[in-house]
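My numbering numbers the first residue of the sequence shown as 808 and each following residue consecutively.
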Amino acid sequence: MQYKNLHKWNVSPAEAIDIQKDLRKRIVVSHQPSAFKNVRYIAGADISCNRLSPLGYAVVVVMRFPDLEIVEEKWVKGEITFPYIPGLLAFREAPILLKAFEKLTIEPALIIFDGQGIAHPRGMGIASHLGIILNKPTIGCAKSKLFGTYKEPGENKGDFSYLYDNRENVIGAVVRTKSNTKPVFVSIGHKIDLQTSIKVIQQCTKNYRIPEPIRLAHNLVNRLRNKSSVVSHQHSEIADS
């Protein structure tokens, strides 16, 4: 899968904020839900790393839609150099995620990220940031709120409420994907509208709270990291013996 970097990644936090503000102008909100009726492939992306370690893993899982059968999985391991700063996670996670996208042979029509889209203090979460760079429709689906206010949605699966910024603009939705379970926070990434984003997340959710594309990406990336940790620990024990 090809893409074009729009800026350098080795920047200071202040420069990163300026880049986010500039990219915010490029976000496209699509109001053509019919464009997603014939989506064949959908992807989920996630990353796993330790805040105290420079090593990270990134995974992209491509699934056939709407039956959600896995058709391709790609992963990479690499060094993460940008510090952990809430609101700037794209600069920490995107470079290694992009390397995983480079390895794809099946190009998804829509990508779900485990993170925020426009539900972000500067309207530029990782789903929006990488949607612009990859030039693909993207959705942010986060386990917790980063920014905004909302009223708790109903307790039944499918219930949702809107997420608002401090000017009462709708920036996302708080969606109950499983009855009597914590909701997820859904927001537009790029080239999609909120109602379609909500519908896609609901269609991608089976027996768990988290939609299958990012749930499976999350599980795989953590297995990779845990396996590496075990191997490193074993090597350390051998060296110390």
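Even glycine gets a Cβ: it sits at the ideal position worked out from N, Cα and C.
- The three-state secondary structure of Leu1027, taken from DSSP, is helix.
- Where Leu937 is concerned, the enclosing alpha helix (DSSP H) starts and stops at 933-941.
- Our two residues, Thr912 and Arg974, have alpha carbons roughly 42 angstroms apart in a direct line.
- One alpha carbon belongs to Thr888, the other to Leu1031, and they sit about 20 angstroms apart.
- By the criterion of a C-beta distance shorter than 7 angstroms, Leu904 is surrounded in its chain by Ala852, Ile854, Ala865, Leu937, once the five residues flanking it on both sides are discounted.
- Here Arg847 is exposed, its C-beta having fewer than 16 other C-beta atoms within 10 Å.
- Contact between the region 910-928 and the region 956-963 is absent: fewer than 3 CB-CB pairs across the two stretches fall below 8 angstroms.
- In the structure shown, Asp825 falls within a helical segment according to DSSP collapsed to helix, strand and coil.
- DSSP places Leu970 in the strand class (E or B) of the three-state scheme.
- Inclusion of Ala1024 and Val868 in the CB contact set at 8 angstroms is warranted, their separation being smaller than that value.
- For Lys815, there is no enclosing alpha helix (DSSP H), as DSSP marks it with neither H nor E.
- Straight-line spacing of the CA atoms in Ile849 and Cys948 works out to 14 angstroms.
- If you ignore the 5 residues before and after Val977, its C-beta comes within less than 8 angstroms of the C-beta of Tyr969, Leu970, Tyr971, Leu1001, all in its own chain and listed in chain order.
- For Lys950, the closest of Pro915, Val991, Gly965, Ala934 by C-alpha to C-alpha distance is Val991.
- Where Ile1005 is concerned, the enclosing alpha helix (DSSP H) starts and stops at 1001-1010.
- For Ile918, the uninterrupted beta strand (DSSP E) run begins and ends at 917-920, by DSSP.
- In the structure shown, Ser841 adopts helical secondary structure according to DSSP, grouped into three states.
- Between Leu862 and Lys881, the gap from beta carbon to beta carbon reaches 8 angstroms or more.
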